[in-house]
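> Dumping the structure here so I can ask a few things about it.
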Amino acid sequence: MNKILVVEDEKLIRQGISAMIKRSGVPYEEVIECSNGLQALDILKTTRIDVMLTDIRMPKMNGIELVQAVQELDNPPLSVAVSGYDDFSYAVEMMRQGVREYILKPVERDKLKEVLTKLDEELNNRRLDEEKTELTDTKLLKYFLQDSGTTSDDIKLIAKKIKDEVGQQFNVYVAPIGSLPEEKCGIILKNVLGSNVMIVSSERTIHNIRYVGVSDSYSDASDLKKAYTQARDRRMEAFLQNMSVVDEDLPEIPEMLLQSAQKYTDKKSISARVQLMGTDRAKDLKKEWEGFFIAAIRGQIPASDFLDSIEFFITEFTGTFREEVPVELKNVMEIDCLDIYREKFMSFILERQSEFMLKNDSDNTSSKMQEAIKYIKENYSTDLNMAVVSNHISMNYSLFSTEFKNFTGTNFVTYVKDLRMAEAKELLANTDLKVNEISAQVGYDNEKHFMKSFKSYVGVSPTEYRKNASALR
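So for the sequence shown, this note's numbering puts the first residue at 323; every next one is plus one.
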């Protein structure tokens, strides 16, 4: 055994029992002590305890109340009552509550060892049974998922498990991953390819689960895979048709309806829908996908074609945008029904469409701003203004003003003036051109206006700037 919990309000008695456990020779990993039932319950809720030895009369929560509370836990320990002769009536009640053994105080070393040895053997047998069950469940999964590799001995083991736990006649249920019956019902295998699988007696009907596929009734374990496949296909029909239960094969889809829906499942059509994302054709994108789901709900798209279409879309989307699709959209059968899946899928499509559009708008604006700056640098010597530039790049005047400032960090007038003054300083310092000639070259028709602007910008007149620059050479 791994962990043993000693619950006793008398410190010396508690420590004495712990010491005897440690010297008993019975294998254990850890002995934990506490002084009342409430403390014990807190420990049991967070720690897996194999064996609990508890006094009966304790403050806050007595031994009977503790044992009752423990039975509600997922993995209750094997319990041992430890008390005096005058508490025998309490001990009888505790035995009714599920206590395995009763030890009288004062605790005798040999009696304690005998009880612990017995419980250790019970725990070992339980683990062997769990391992055997796990092995059988693994074989069941293997039988479900593989066409070969299951031996005749495996079939016999599976048949025995079904007969022992279910009965002679059985049905297989395939339900959404989040659905499990409230009551105990046969064999349950969780998360088999995104679904829960239940093997249930044909005499029983499972309630409180929805969107489930149910196989026909079978009596031979060799038909288990057939039953599972049947239930899985019907679960898919329950998903597509938003039906609580499908326990028989639905009518075949008329050929005419199949053909009319092929435009939604055709790979070229799906690729085209992926290419629509990020364009200004959001309405077309929404219409195409809604048409796909409506056709599926109407029964025009076979289950296999629906799954293939979703899988192909995910491949195309990931390859095109280098972005993963949410896991819940990949694992179709983990969703209860098509209505819920459709809502999640359309939400994903439309959200990504908006994000891609914003990114494209941003990229387009950036490209236009770069084009505007190039045009300004090539034409600032002319009578350049914002209307001319915004018209050149085909952008609204007000929008251009805002986007230009966002892109450059300054407004249009200041940006152009900075360019003109930088060029004017360069020409004044490194050429013999007259001031009126420089004025014209940097976009000023009026020499006086240029001189005034230059002095305001630089702090000295063009002539003074040239003298200072000449003195520095």
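C-beta: ideal position from N, C-alpha, C; glycine also. Predicted model only: the values in this text are computed from it and were never measured.
From this set, 592, 607, 658, which residue's C-alpha is nearest residue 627's C-alpha?
The candidate whose alpha carbon is nearest that of residue 627 is 592.
> So residue 517 is in the beta strand (DSSP E); what residue range does that whole segment cover?
Element bounds for residue 517: 517-523.
> Which residues bound the alpha helix (DSSP H) around residue 540?
Neither: residue 540 is in no alpha helix (DSSP H) and is coded neither H nor E.
> Please return the same chain residues whose Cβ sits closer than 7 Å to the Cβ of residue 396, not counting the five positions on each side in sequence.
Contacts found: none.
> Tell me where the alpha helix (DSSP H) around residue 331 begins and ends.
Here residue 331 belongs to no alpha helix (DSSP H), and DSSP marks it neither H nor E.
> With a threshold of 8 Å, are at least 3 pairs of Cβ atoms found where one atom belongs to the region 523-535 and the other to the region 495-502?
Enough Cβ pairs lie closer than 8 Å, so yes.
> Confirm, please, whether the CB-CB distance from residue 425 to residue 402 is below 9 Å.
Yes; because the gap between Cβ atoms is below 9 Å, this pair is in contact.
> Alpha carbon to alpha carbon, how far is residue 442 from residue 376? Give it in angstroms, no decimals.
For residue 376 and residue 442, the distance between alpha carbons rounds to 17 Å.
> Given residue 803, which residues of its chain have a CB within under 6 Å of its CB, disregarding the five upstream and five downstream residues?
Residue 803 is absent from the structure shown; the chain starts at 323 and stops at 795.
> Measure the Cβ-Cβ separation of residue 617 and residue 586 and say whether it is below 9 Å.
Yes, they are a contact pair.
> Ends of the alpha helix (DSSP H) at residue 719?
Here the alpha helix (DSSP H) through residue 719 covers 719-730.
> Taking Cβ to Cβ, would you say residue 494 is nearer than 9 Å to residue 450?
Against a cut-off of 9 Å, the Cβ pair of residue 450 and residue 494 comes out as no contact.
> Count the other C-beta atoms from every protein chain shown that fall within 10 angstroms of the C-beta of residue 423, then say buried if there are 16 or more, exposed otherwise.
It is buried - the Cβ of residue 423 has at least 16 other Cβ atoms within 10 Å.
> What's the call for residue 434, buried or exposed, on a 16-neighbour Cβ count within 10 Å?
Per the 10 Å Cβ criterion, buried.
> Could you pull the DSSP bridge partners for residue 492 from this structure?
DSSP output for residue 492 lists 523, 540 as bridge partner(s).
> In or out: residue 513 buried (at least 16 other Cβ within 10 Å) or exposed?
The residue in question, residue 513, is exposed, as its Cβ has fewer than 16 Cβ neighbours within 10 Å.
> Between the C-alpha atoms of residue 566 and residue 518, what's the straight-line distance to the nearest angstrom?
So the two alpha carbons sit approximately 15 Å from each other.
> What residue range is occupied by the uninterrupted alpha helix (DSSP H) comprising residue 736?
First-last of the alpha helix (DSSP H) with residue 736: 734-752.
> Report the CB separation of residue 568 from residue 535 in whole angstroms; it is logged as a contact under 8 Å.
Going by Cβ atoms, the distance from residue 568 to residue 535 rounds to 5 Å, so yes, they are a contact pair.
> What does the Cβ neighbour count give for residue 782, buried or exposed, with the cut at 16 atoms within 10 Å?
Burial call: exposed.
> Quick one: what does DSSP say residue 509 is sitting in, helix, strand or coil?
Correct three-state label for residue 509: strand.
> Take residue 552 and list the residues in its own chain whose beta-carbon comes closer than 6 Å to its own, dropping the five residues that flank it on each side.
537.
> Comparing alpha-carbon positions, which option in 577, 687, 710, 580 lies nearest residue 698?
That would be 710, whose Cα lies nearest to the Cα of residue 698.
> Just mark residue 680 as buried or exposed, buried being the case when its beta carbon has 16 or more other beta carbons within 10 Å.
Per the 10 Å Cβ criterion, exposed.
> Am I right that residue 327 and residue 362 are in contact with their C-beta atoms under 8 Å? What's the rounded C-beta distance?
Going by Cβ atoms, the distance from residue 327 to residue 362 rounds to 6 Å, so yes, they are a contact pair.
> For the beta strand (DSSP E) that contains residue 374, what are its first and last residues?
Note, residue 374: beta strand (DSSP E), 373-377.
> Along the beta strand (DSSP E) that carries residue 405, what are the first and last residues, could you check?
First-last of the beta strand (DSSP E) with residue 405: 400-405.
> Rounded to the nearest angstrom, what separates residue 743 and residue 789 at their Cα positions?
Each residue's Cα considered, the two are about 17 Å apart.
> Hey, how far is the Cα of residue 746 from the Cα of residue 792?
Cα to Cα, residue 746 sits roughly 15 Å from residue 792.
> With H, G and I counted as helix, E and B as strand and the rest as coil, what does DSSP make of residue 484?
If DSSP states are grouped into helix, strand and coil, residue 484 belongs with the helices.
> Return the residue from the list 651, 571, 668 that minimises the CA-CA distance to residue 613.
Considering only alpha carbons, the answer is 668.
> Using CA atoms only, rank isn't needed, just tell me which of 645, 685, 404, 688 is closest to residue 671.
Checking every option, the nearest Cα to that of residue 671 belongs to 645.
> Among 563, 368, 358, 346, which one has its Cα closest to the Cα of residue 282?
Not covered by the structure: residue 282. The range shown for the chain is 323 to 795.
> Quick test of your reading: residue 557 and residue 496, contact by CB under 8 Å. State the CB separation rounded to the nearest angstrom.
Right, their Cβ atoms sit about 4 Å apart.
> Which residue comes first and which comes last in the beta strand (DSSP E) that contains residue 424?
Note, residue 424: beta strand (DSSP E), 423-426.
> Does the pairing of the region 627-639 with the region 650-657 give three or more beta-carbon distances under 8 Å?
Verdict: yes, contact present.
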